[in-house]
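Chains as they are written, first to last, in this note's numbering: chain A, 474 to 1084; chain B, 10 to 183.
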Amino acid sequence: MKITPFKIVVAAILAVLALVAALRATTYFVSKMEYRSPDRASAPELTPRGQGQSDEHQAQVKKDAAKPYVEAEYRAFPVVGSRVAVWVVAQLHLLFAAFVLAVPIFALIIEFIGYRTKDKRYDHLAYEFTKLLSVSFSLTATFGAFLTFMLIILYPKFTNYLMSVFSPTFLPYVLLFFAEAFFLYTYYYGWGKFSPRVHLLLGLGLNVVGTAIMLIANAWLTFMMSPRGVSEAGALISVMDAVTNFTWMPINVHRVIANVAFGGSVAGAYAAVKFLQAKTDEERAHYDWMGYIGNFVAISAFLPLPFAGYWLAKEIYAYSQTLGLTMMGGAFSWLFIIQAVLIGNLFLAANYYLWLGMGRVEGAREFQRWIKYLLVVVALCFMVWATPRSIIATVSEVRAMGGGAHPALGFLGVMSAKNTAVNILILTTFMSFLLYRRTGKIATVAWKKTGNAVQLGIFAAAAVTVIGLGILGYFVEAKVRIGLSVPQVGSVLFAMIAITAIDVPLYRNATMSAEVRWGRIPAISQYVLIFIAVTFTWLMGLMGYVRSGLRQHWHVYGVIRDTSVDAFTPTLGFATKIVSVTVLIFFALIGFVFWLATLHDKKNWDEREQA
Amino acid sequence: MKLRVPLLAKLAVLVVATTAFYTYVGQMVPQKEVYPPVETVIKADVTTADMVKIGQDIFNGKGLCTTCHTIGKKAGPFRFPDLENIGARAATREPGLSDVEYFAKSMHEPDSFIVPGFNPGMPTINKPPIGLTEQEILCVIAYLQSLGGTPNVTLATKHRYNGGAEAPVAQAAP
């Protein structure tokens, strides 16, 4: 728009008019509020009714003046209530925080690979992942501040208690937050501006500081679940004990792994969106590769996640059997059936994506013929895992079954069957990875037959061990059965490590039978990546709920009781609705983050006008 | 004319449909709200029969006993001891302890005696998070006695944890 002198004069007149109006309004307001002494007041003589009203007013003034200060225990949030409000804000903060902590971990690893191999593609990829960070960091901080205010306003007494216990941790937390901002923005804006080693060190600093922040925040929330370092009445004895409470380290480990899985899946979804928007084959190839790496990160972290989950559950049981049994056998037991559906879907989708990816390479038919068998195994394990111990049935059906458990299917509802199913699922998905890795490659080492045979032997031994121990679990007493999950998990971990250790040298100098044609993958694969990201996010929301809801009517389990109107455990149906709302808000916001990241690549306005 | 659906619409449908599916799964499982335990008012003049009834309510509610224990479960797996006929067995569990003393000890010092074949894990019942009062514990003892035995406790019954005499120390087996 062109600015002319006439327009400036009109604007100036309008501004003066607005100023005069504002001044008039202010004087009117001030004069109305002005104190008038009674002798200046032009009040008429009081009628008996007026006198009564005046006396009432005086009495109220006197009463107000004598009112004692009472600290509010709770305040209500309109419409949805305090619990739901804090729940949604806390979950959104956590989702963005998880993303902001996860992306630097794998961005740094990818950058390091690029540095070591001198392959610039990796450096560009790491930068592309990092582009998503700065806005996400701002959103994390905003939701963090929002959560803090919500806690202070809605749960003042409980927040005050947490502050009294953890006050020495707050200053380090704030300082670390500043340090994270410093490292993050220097890492992002300094890409290509520093020597590679300095830049890698900045990335390392970002990861160290980010992890330290997470460790402090985890101390607060795990203390609520498994308090330590306080007296029976809640008085602080040791801050260090309160920080290093029973579930602190298992949560730390579980969160780092889960964050990487979640961050990888969201980054993969970003690549999928870019793939679907791509105009050229070159763009499609790049974003196909990026999506593959994002998914690889997500699934690689996802495979050991159940093991970290076992450890966390074990520590919860060790801290309080009541808490453990409430989780697995009480109010929350059905939640794990929902979890089974989610994790089953993740395994199915991850395998499907890998199988679709085999099509990128000519001559993959040799491996593709195994897919149907893998699919059968994945589906069977999924069904076993999702089978509940007791079935929702009518009275007559329960009578016919002789109890809540189905005479045949009921046997699949116990932990022996479920542990077996999830371990076989992990092994099968690992096998899919291995087959995908081999497509288009021909091993050239002299010991390839022996290597393949040993790998197959390890697979078979691990599968037999897992299934055998699962069956044994039905015939031994509780004390022994609980311990059987350890060798089951151990054998799967051993198999994955040992087979990888053989596979790397086996295919080190492999010849390629065909090129990997990045970008040559059906579009549906990209929707699968987005489906995986949504499922991961929903899973995080659900598991966040069980971790927090497990305390039931306690703010701090066994120490500070929840006496608010929300001190009951809602139905799982209600909880899943809240999780869904949170997930939808998260994806609306992450869509905004994706959009901002794409702006980076757009031409400037002037350039587009000229074009 | 071929209708072209914008990518944004496709993505939105995918995200909403996935979320809706999981919400639907959440509605398919049993729906139950769990409320904080209701405090039981125990009058001073309750009879032993009343205490059995009150004890049963506490056993199934505030005491959270059914989270771990079963009564009359015929086949495994058992995570914690089944309490069928515990009223008849309790007096013989630990040498030198009466049934009342055994029950009281199990609730106040649960790790001091573990039933063979099981792991320790019972919480201290008179402390948070369960935090039963001594009167409530006596009512639970009355209920446990009724499972295969004859209840005989009253609110005046004393054991070593509520001001009664120290229980005799169990003699080591020769």
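Beta carbons are placed, not taken as given, at the ideal position from N, Cα and C, and that holds for glycine.
- Here the alpha carbons of leucine 677 of chain A and proline 669 of chain A stand approximately 12 Å from one another.
- Ranking A:Val927, A:Leu900, A:Thr753 by CA distance to the CA of alanine 936 of chain A puts A:Leu900 first.
- Of the candidates A:Phe948, A:Asn1077, A:Phe1067, A:Phe1059, A:Phe1059 places its Cα closest to the Cα of valine 561 of chain A.
- In the DSSP assignment, valine 1029 of chain A falls within the unbroken beta strand (DSSP E) covering 1027–1029.
- Within the stretch 126–140 of chain B, Gly126, Phe127, Asn128, Pro129, Gly130, Met131, Pro132, Lys136, Pro137, Pro138, Ile139, Gly140 place their CB atoms closer than 9 Å to a CB of chain A, listed in sequence order.
- At a C-beta separation below 7 Å, tyrosine 170 of chain B has no neighbours in chain A, since its nearest C-beta there lies roughly 16 Å away.
- In the DSSP assignment, valine 849 of chain A falls within the alpha helix (DSSP H) that extends over 844–858.
- Proximity of chain B to valine 1032 of chain A at the Cβ level (cut-off 9 Å) is accounted for by Pro137, Pro138, in chain order.
- Cβ-Cβ distances below 6 Å link alanine 774 of chain A to Ile730, Val733, Ala734 in the same chain, with the five nearest sequence neighbours on each side left out; the list follows chain order.
- Secondary structure at leucine 519 of chain A: coil, using DSSP grouped into helix, strand and coil.
- Take the alpha-carbon of valine 1032 of chain A and the one of proline 700 of chain A: they are about 8 Å apart.
- Under the 8 Å Cβ criterion, the stretch 808–828 of chain A does not count as touching the stretch 102–110 of chain B, having fewer than three qualifying pairs.
- If you look at valine 1032 of chain A, you'll find it isn't in any alpha helix (DSSP H); DSSP assigns it neither H nor E.
- Counting the other CB atoms within 10 Å of its CB gives serine 609 of chain A a total of 16 or more, which places it among the buried residues.
- Counting along the chain, no alpha helix (DSSP H) covers arginine 862 of chain A, and no H or E run does either.
- Segment contact: the stretch 841–854 of chain A against the stretch 59–73 of chain B, fewer than three CB-CB distances shorter than 8 Å; contact not assigned.
- Under the 8 Å criterion on CB atoms, histidine 1026 of chain A is classed as interfacial with respect to chain B.
- Inter-residue distance for glutamate 653 of chain A and tyrosine 1018 of chain A is about 28 Å (C-alpha atoms, whole angstroms).
- The Cβ atoms of serine 986 of chain A and glycine 883 of chain A lie no closer than 8 Å to each other.
- Tyr31, Thr32, Val34, Gly35, Gln36, Val38, Pro39, Gln40, Lys41, Glu42, Val43, Tyr44, Pro45: these are the residues of the stretch 29–57 of chain B whose beta carbon lies less than 7 Å from some beta carbon of chain A, given in chain order.
- About 6 Å separates the CB atoms of valine 682 of chain A and phenylalanine 656 of chain A; that is less than 8 Å, so the two are in contact.
- At a Cβ-Cβ threshold of 8 Å, leucine 620 of chain A and histidine 566 of chain A count as neighbours.
- Around the beta-carbon of phenylalanine 651 of chain A, fewer than 16 other beta-carbon atoms lie within 10 Å, marking it exposed.
- Residues are counted here when their Cβ sits less than 8 Å from a Cβ of chain B; for the stretch 519–531 of chain A the count is zero.
- Of the candidates A:Trp858, A:Val939, A:Ala744, A:Trp991, A:Ala744 places its Cα closest to the Cα of isoleucine 1063 of chain A.
- Pairing aspartate 761 of chain A with isoleucine 1003 of chain A gives a Cβ-Cβ distance that is not under 8 Å.
- Leucine 709 of chain A sits in a strand when the DSSP states are folded into three classes.
- Methionine 985 of chain A has A:Lys914 as its beta-bridge partners, per DSSP.
- Under the DSSP assignment, threonine 695 of chain A falls in the alpha helix (DSSP H) whose first and last residues are 669–698.
- For valine 557 of chain A, the three-state secondary structure derived from DSSP is helix.
- Counting along the chain, leucine 657 of chain A sits inside the alpha helix (DSSP H) bounded by residues 629–662.
- Counting C-beta atoms within 10 angstroms of its own C-beta, glycine 741 of chain A has 16 or more neighbours from the protein chains shown and is therefore classed as buried.
- Taking a contact as a CB-CB distance under 8 Å, the pair leucine 1045 of chain A and methionine 698 of chain A does not count as one, their CB atoms being some 19 Å apart.
- Chain-ordered, the chain B residues with CB closer than 9 Å to the CB of valine 746 of chain A read Leu16, Leu20.
- By the criterion of at least three beta-carbon pairs nearer than 8 Å, the stretch 121–140 of chain B is not in contact with the stretch 29–43 of chain B.
- For valine 814 of chain A, the three-state secondary structure derived from DSSP is helix.
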